[in-house]
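Residue numbers (my numbering), protein chains in the order written: chain A, 27 to 219; chain B, 161 to 364.
No residue lacks a Cβ here, since even glycine has one placed at the ideal position from N, Cα and C.
In what follows, a single structure is set out as structure tokens and then discussed.
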Amino acid sequence: MSRPLAHLSDEAVVLLAARSEESALAELYDRYGRTAYGLALRVLRDERLAEDAVQEGFLAVWRTAARFVPERGKASTWILTLVHRRAVDAVRREQRRRADTLERAPEPAVGGVDEDAWLRLQRERVQEALRLLPDTQREALELAYYGGFSQSELAERLGQPLGTIKSRMFAGLARMRELLGEPGMEMSWTSTT
Amino acid sequence: MDLHDLTAAYALDALDADDVEAYEAHLAQCDRCRTELAELGETATALAFGTEAPEPPTRLRGAILDAAASERSNVVPFPRRPWVFRVTAAAAAVAACAAVGLGVWGASRSTKTEAVSAVVVVGADRHATLTVSGLARAPHGKTYEAWIIPHGGNARPAGLFAGGGTAVVHLRGTLPSGAVVAATVERAGGVKAPTTPPVLSAET
Numbered sequence: 027m028s029r030p031l032a033h034l035s036d037e038a039v040v041l042l043a044a045r046s047e048e049s050a051l052a053e054l055y056d057r058y059g060r061t062a063y064g065l066a067l068r069v070l071r072d073e074r075l076a077e078d079a080v081q082e083g084f085l086a087v088w089r090t091a092a093r094f095v096p097e098r099g100k101a102s103t104w105i106l107t108l109v110h111r112r113a114v115d116a117v118r119r120e121q122r123r124r125a126d127t128l129e130r131a132p133e134p135a136v137g138g139v140d141e142d143a144w145l146r147l148q149r150e151r152v153q154e155a156l157r158l159l160p161d162t163q164r165e166a167l168e169l170a171y172y173g174g175f176s177q178s179e180l181a182e183r184l185g186q187p188l189g190t191i192k193s194r195m196f197a198g199l200a201r202m203r204e205l206l207g208e209p210g211m212e213m214s215w216t217s218t219t
Numbered sequence: 161m162d163l164h165d166l167t168a169a170y171a172l173d174a175l176d177a178d179d180v181e182a183y184e185a186h187l188a189q190c191d192r193c194r195t196e197l198a199e200l201g202e203t204a205t206a207l208a209f210g211t212e213a214p215e216p217p218t219r220l221r222g223a224i225l226d227a228a229a230s231e232r233s234n235v236v237p238f239p240r241r242p243w244v245f246r247v248t249a250a251a252a253a254v255a256a257c258a259a260v261g262l263g264v265w266g267a268s269r270s271t272k273t274e275a276v277s278a279v280v281v282v283g284a285d286r287h288a289t290l291t292v293s294g295l296a297r298a299p300h301g302k303t304y305e306a307w308i309i310p311h312g313g314n315a316r317p318a319g320l321f322a323g324g325g326t327a328v329v330h331l332r333g334t335l336p337s338g339a340v341v342a343a344t345v346e347r348a349g350g351v352k353a354p355t356t357p358p359v360l361s362a363e364t
């Protein structure tokens, strides 16, 4: 597949997308579509709904690329946030998952040799960081981010005051940030060519 | 309710619908929360990379691109080539960026068109970075020289680069509003004023 924009930074590609350059949207999809789909599938546990969330998220990228401000964060964060938000909206609408989100995600249908080595490395590091968190913090992050539970739903489900849930989410993210900040933990796309 | 305490939940998309609006209004006025959100948001997104990532169905890519293309038919078309992108003032004039891609220049200007793309990113302090890819390596004894050309003024030398692959050039000095960023081929070591026609130029 020809990727004429492969050497540009994420942020530069977003700038081109903001100028209606369709190849720029294709490039962003090629960089983050797979991660976005994996995330949506984890939240929604339904392939069709996951596809819809990814599609809506990337169309939001397309429509709002001109408003992206690099100083406020990375393009990859912005793109995956747009997809995640739609997945969470959908799961709350559908009232799906709920019972089984405490379990690990199912083994992927594909993976191993098929999976990009870089993606696998990132996944292992993030999972390792999660494992190092205190149980209560890991639980709060996983239920919120992968389960799509709101903080008040979490408080009810876990039988804890709302303030405790807020503290766990904050402390969990702060600790994750330290763990992921260690050398070599770069989450953005890098060219492998 | 202390709105400052909602940053982590917002980063995780875990606010209840009623709280989102209040938090976003607060965010617009609170530097501390914006800074914190930039950090926690990045960390929350790292969780996206923590999931198994099966290959999405191939039809999804096409569906997204088709939908995007059909949406664009409703808007005023942007001139395609040559592209010269004006700086778009970002929100609150915090930053501005311009991107430019040119059809073009290869050694000896052969008939084979080489895809060159360049992006100028201008920071709030008016310092700018030029990123160029697809430009052939400068011939032996030559270099590319970047220029900042203020509106109605003379070109100022802004840095040298070799070309080939992707070059990132932190332009020397600041970029006045409305200036043109250009690059020419010059003798190794650079010169004080351009002596050849630009191989690329971007109006900012």
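- Task: Evaluate contact between the region 48-58 of chain A and the region 299-319 of chain B, counting only Cβ atoms and requiring at least three cross-stretch pairs below 8 Å.
- Result: no
- Please compile the residues from chain B whose C-beta is within a distance smaller than 9 Å of the C-beta of A/LEU145. PHE209, ALA213
- If the cut is a Cβ gap below 8 Å, which residues of chain A does B/LEU172 touch? LEU167, ALA170, TYR171, MET195, LEU199
- Query: Considering only the beta carbon of each residue, do B/ALA171 and B/GLY210 sit closer than 8 Å?
  - Reply: no
- Task: State the beta-bridge partners of A/GLU165 as determined by DSSP.
- Result: A/GLU165 is not bridged to any residue.
- Message: Taking contact to mean 3 or more Cβ pairs, one atom from each stretch, closer than 8 Å, check whether the region 171-181 of chain B and the region 192-211 of chain A are in contact.
- Response: yes
- Message: Rounding to the nearest angstrom, what Cα-Cα distance links A/GLN186 and B/ALA198 in this structure?
- Response: 28 Å
- Item | Neighbouring residues, chain A, relative to B/GLU346 (Cβ below 9 Å) | Within chain A, not a single residue places a beta-carbon under 9 Å from that of B/GLU346; the smallest gap is close to 24 Å.
- How many angstroms separate the CA atom of A/TYR171 from the CA atom of A/ARG68? 10 Å
- Query: Mind checking whether A/LEU106 and B/ALA208 have CB atoms under 8 Å apart?
  - Reply: yes
- Is the Cβ-Cβ distance between B/THR364 and B/VAL282 less than 8 Å? Yes, the Cβ-Cβ distance between B/THR364 and B/VAL282 is below 8 Å.
- Task: Give a yes or no on contact between the region 178-197 of chain B and the region 54-63 of chain A, applying the rule of three or more CB pairs nearer than 8 Å.
- Result: no
- Task: Determine the DSSP secondary structure at B/ALA169, reduced to helix, strand or coil.
- Result: helix
- Item | Those residues which DSSP pairs with B/GLU305 across a bridge | B/LEU320, B/THR344
- Please classify B/GLY349: does DSSP put it in a helix, a strand, or coil? coil
- Message: If I measure Cβ to Cβ from A/GLU97 and keep anything under 7 Å in the same chain, skipping five residues before and after, which residues do I get?
- Response: none
- Whole-angstrom Cβ separation of B/GLU212 and A/GLY64, contact assumed at under 8 Å? So it is a contact: roughly 6 Å between Cβ atoms.
- Message: Between A/LEU169, A/GLU73, A/ALA86, A/LEU42, which has its C-alpha nearest B/GLU215's C-alpha?
- Response: A/GLU73
- Item | Terminal residues of the alpha helix (DSSP H) in which B/LEU187 lies | 177-187
- Would you mind reading off the limits of the beta strand (DSSP E) that contains A/LEU85? DSSP places A/LEU85 outside any beta strand (DSSP E); the residue lies instead in the alpha helix (DSSP H), whose first and last residues are 73-90.
- Message: Suppose contacts are defined by Cβ-Cβ distances below 8 Å. Is B/GLY325 in contact with B/SER277 by that definition?
- Response: no
- Check distances from the C-beta atoms of the region 70-87 of chain A to those of chain B and list, in chain order, the residues that come in under 7 Å. GLU77, VAL80, GLN81, PHE84, LEU85
- Task: Select from the region 305-334 of chain B all residues with a C-beta closer than 8 Å to any C-beta belonging to chain A, and list them in chain order.
- Result: GLY325, THR326
- Task: Check the C-beta distance from B/GLY323 over to B/LEU360 and give it rounded, since I have them as a contact under 8 Å.
- Result: Actually they are not in contact, since the Cβ atoms of B/GLY323 and B/LEU360 sit about 11 Å apart, beyond 8 Å.
- Task: Determine the DSSP secondary structure at B/ALA278, reduced to helix, strand or coil.
- Result: strand
- Within this structure, are the beta carbons of A/VAL109 and A/GLY174 separated by less than 8 Å? no
- Task: Compute the distance between the beta-carbons of B/GLY350 and B/LEU320, then report whether it is under 8 Å.
- Result: yes
- Query: Using a Cβ-Cβ cut-off of 8 Å (strictly less than) and excluding sequence neighbours within five positions of B/PRO354, which residues of its own chain qualify?
  - Reply: GLU305, TRP307, ALA315, ALA342, THR344, GLU346
- Message: Cβ closer than 7 Å: which chain B residues qualify as neighbours of A/THR61?
- Response: ALA208, PHE209, ALA213
- Query: By how many angstroms is the C-alpha of A/LYS100 removed from the C-alpha of A/VAL40?
  - Reply: Roughly 11 Å separates the two Cα atoms.
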